[in-house]
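Enquirer: Position 190 of the sequence shown, counting from 1, maps to 190 under the UniProt record's numbering, and the rest follow consecutively. Before we start, here is the structure in question, set down as C-alpha cells.
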Amino acid sequence: MADRARTAPSLNDPAAAGSDAERILEGGAKLISGALRPHAELEAVLSARGWKRRLLKQPERVSAFVAGDRGVREALERVHRRAAVEAWTEDVPVLRQARALSARRERLTRLARQRLDTLTVAPPDVSLEEALTRLEALLRQPVSKALKEGEVLVFEPAHGRSREPGPGVGGMNVPSLPLLMVPLGALLFILLLATGLPWAKELGMALLGLSLGGPPLWSVLRAGRVRITSERILWTPMFGAAQAVRLDSILDDGVHLDRLQFDLVVKGDRRLRARSVRDALGLMLSLELHRQPPLLGAAARSGEQLEDVALLPAKVGDVDGVCVLRPHALAFIPDRRGPQALQAVTGKPTPLNGFEPDRVLEELRWLPAAEFDACVSRVVKATGGLAWTPGDAHFVPGPPIWMAIRIKRGEQVLLARADWFYRAAAERILQGWRKRPAPPPPE
1 MADRARTAPS LNDPAAAGSD AERILEGGAK LISGALRPHA ELEAVLSARG WKRRLLKQPE
61 RVSAFVAGDR GVREALERVH RRAAVEAWTE DVPVLRQARA LSARRERLTR LARQRLDTLT
121 VAPPDVSLEE ALTRLEALLR QPVSKALKEG EVLVFEPAHG RSREPGPGVG GMNVPSLPLL
181 MVPLGALLFI LLLATGLPWA KELGMALLGL SLGGPPLWSV LRAGRVRITS ERILWTPMFG
241 AAQAVRLDSI LDDGVHLDRL QFDLVVKGDR RLRARSVRDA LGLMLSLELH RQPPLLGAAA
301 RSGEQLEDVA LLPAKVGDVD GVCVLRPHAL AFIPDRRGPQ ALQAVTGKPT PLNGFEPDRV
361 LEELRWLPAA EFDACVSRVV KATGGLAWTP GDAHFVPGPP IWMAIRIKRG EQVLLARADW
421 FYRAAAERIL QGWRKRPAPP PPE
C-alpha cells in the first residue's frame, strides 16, 4: 500500500498528476502525444475523395505508422490500465490525450476497414495495422490490363447472345433501370402538359429529352471490357482503373449480379465490379465453371480448345437438344437441362438457371480429350441423354451438312445441322460415321 501511495499521481494537483504520470509511464506519454498528429494526418488522407492517389504519393506514411503502431498500442494500454487502477481524474493530461487518441484510432480503424473493403474481402475485425498494410500492398500492385505470358483468354461476352433470355427483370438481357427512365419521362411530360402552366411544355420537353438521351449516355459512361482468362476475371472500364480477381480465390457465394443495372460483383482476393455487362448469364456461368475443378487452370494447361469435336443443334424424335459429335462417340443432351449439366461437371448444386447445356459443353472443350469425354458422360447420365458409337449407329449421306445431318441407330434417327463454326470439324468427324459396306457373302 505504501508503494502504491508513493507512485500514484496526486489527485488534488492536475499538473503534478500529469508530471507524475509521465514519469511513471517512462516515455509512454511522449509516444501518445507524438502519435496524435500522424493519426490525424492519416485519417485526413483516407477521408479524402482521392485517397488512393494521396496514399500512393506518400509511401513512407503507412510504413512509418505501422512500424510505430505496436508501441503506441502498448502505451495506450498502460495508461488506461493505470488510470483504472489508480482512479486518475479527467484532468490528468496524459489520460486526456490517451482518450483522444483512442477515439481517433477507432475512427481510423473503421475508415481503413471501409477502404480495404472496396478493394478486397476482409474480416470485419481486421486490425488497424493489418488493414493499412493490406491496403498499401493492394494499391502498390496495379492490375495489368494485358494478358501475361501463358495466360489464355477463356470467355468474352458477345453481342449475339443478347438475343437470348437473360437474368434481368422479366427475362431481359439488358439493364432495366435505364429503360424505366423512358416511360417515366413520358409520364411526367403528360402530367406537366395537363397542368396548363405556361412553362410546363418547355420543362416537359426537357424532361422527355433527358429520359430519351439519358440511358445511352449512361451506358457510355459506364462502359468497359470484361474478360475471363485462365487465371482471372479482368474488368477494364472506359474511365477508371482496371480491376481483377483471381479465379482460384473466388468464394462460393462470391459472384452476384445487380439485376437492375447488370453490374457484376465478384469477391475473391480482390473485389471487382464490372458495370452494365453484356451476356451476364454467360459470364456467371463461365466463372462458375473456371473457378473450380475440373476446368480451373485447364485453359492454361492446354492452351487451346479441343478440335475433334462438333456441337450441333439436334433433335431426336420430338425432343430438341444438342449433339456432341466425336470421332468415337456421339452424345445427345436434351434442351432445358443446363443446371443439371453444370452440376454434373462441378459436382455442386448451382443457383444459376435459364441457360442451355450447350454453353456448358462449349466450355468443356478446354479439357483434354479424356477428361472431356468423362465429363460429357456424366452430363448424359444427369440429363437423361443418349450416347451412341459408330459401331451401332451410322451417318446417312444426304443434303449439305449445314442443312441437315441424319444419324441412324436402329429405328432412332438423330437430325442435326452444322453451323459455320463447327462445319469443318463435323465434315471431318462424319467420315468415320459412314456405314461400312457389308462383307461379301462367303463363296
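All residues carry an ideal CB built from backbone N, CA and C; glycine is no exception.
(1) DSSP three-state call for Phe395: helix, strand or coil?
(2) So is Val255 buried or exposed if we call it buried at 16+ other beta carbons inside 10 Å?
(3) Count the other CB atoms within 10 Å of the CB of Trp433; is the residue buried (16 or more) or exposed (fewer)?
(4) State the beta-bridge partners of Arg115 as determined by DSSP.
(5) By alpha-carbon positions, which one of Val79, Arg81, Tyr422 ends up nearest to Gln305?
(6) Using CA coordinates, which residue listed in Ala298, Leu203, Ser127, Leu135 is at the minimum distance from Leu116?
(7) Which residue's Cα is closest to the Cα of Ser33: Ser102, Leu296, Arg140?
(8) Which class does Lys348 belong to by DSSP, given the choice of helix, strand or coil?
(9) Tell me, which residues are paired with residue 444 by DSSP?
(10) Count the other CB atoms, across all protein chains shown, that sit within 10 Å of the CB of Met284; report buried if there are 16 or more and exposed otherwise.
(11) Note the first and the last residue of the continuous alpha helix (DSSP H) segment covering Trp51.
(12) Let me check understanding here. Comparing Cα to Cα, which of Leu108, Leu36, Gly384 lies closest to Ala48?
(13) Pick out whichever of Arg271, Ala280, Glu130 has its Cα sitting closest to the Cα of Leu257.
(14) Hey, would you say Val345 sits closer than 8 angstroms to Leu325, going by beta carbons?
(15) Among the candidates Trp366, Ala374, Glu411, whose CA atom is the shortest distance from the CA of Leu153?
(16) Only counting the same chain, and skipping five residues up and downstream in sequence, which positions put a Cβ closer than 6 angstroms to that of Leu287?
(17) Between Arg191 and Leu210, what straight-line distance do the alpha-carbon atoms span, to the nearest angstrom?
(18) Is it buried or exposed for Leu330, if we count other Cβ within 10 angstroms and need 16 for buried?
Expert: Short version:
(1) Residue state, collapsed to three classes: strand.
(2) Label assigned to Val255: buried.
(3) It counts as buried.
(4) Arg115 pairs with nothing; no bridge assigned.
(5) Per the Cα distances, Tyr422.
(6) Across the set Ala298, Leu203, Ser127, Leu135, the C-alpha of Leu135 shows the shortest separation from the C-alpha of Leu116.
(7) Looking at the Cα atoms, Ser102 is the closest of the given residues.
(8) Lys348 falls in the coil class under three-state DSSP.
(9) This structure leaves residue 444 out entirely; the chain is present only between 1 and 443.
(10) Label assigned to Met284: buried.
(11) Its alpha helix (DSSP H) spans residues 51 to 57.
(12) Closest option to Ala48, Cα to Cα, is Leu108.
(13) Cα-wise, what sits closest to Leu257 is Ala280.
(14) Contact flag unset, no.
(15) Among Trp366, Ala374, Glu411, the Cα nearest to that of Leu153 is on Trp366.
(16) Excluding residues within five positions, the ones whose Cβ falls inside 6 angstroms are Val255.
(17) Sequence check: residue 191 is Leu here, not Arg. A straight line joining the alpha-carbon of Leu191 with that of Leu210 spans about 16 angstroms.
(18) Under the 10 Å beta carbon count, Leu330 is surrounded by 16 or more other beta carbons and is classified as buried.
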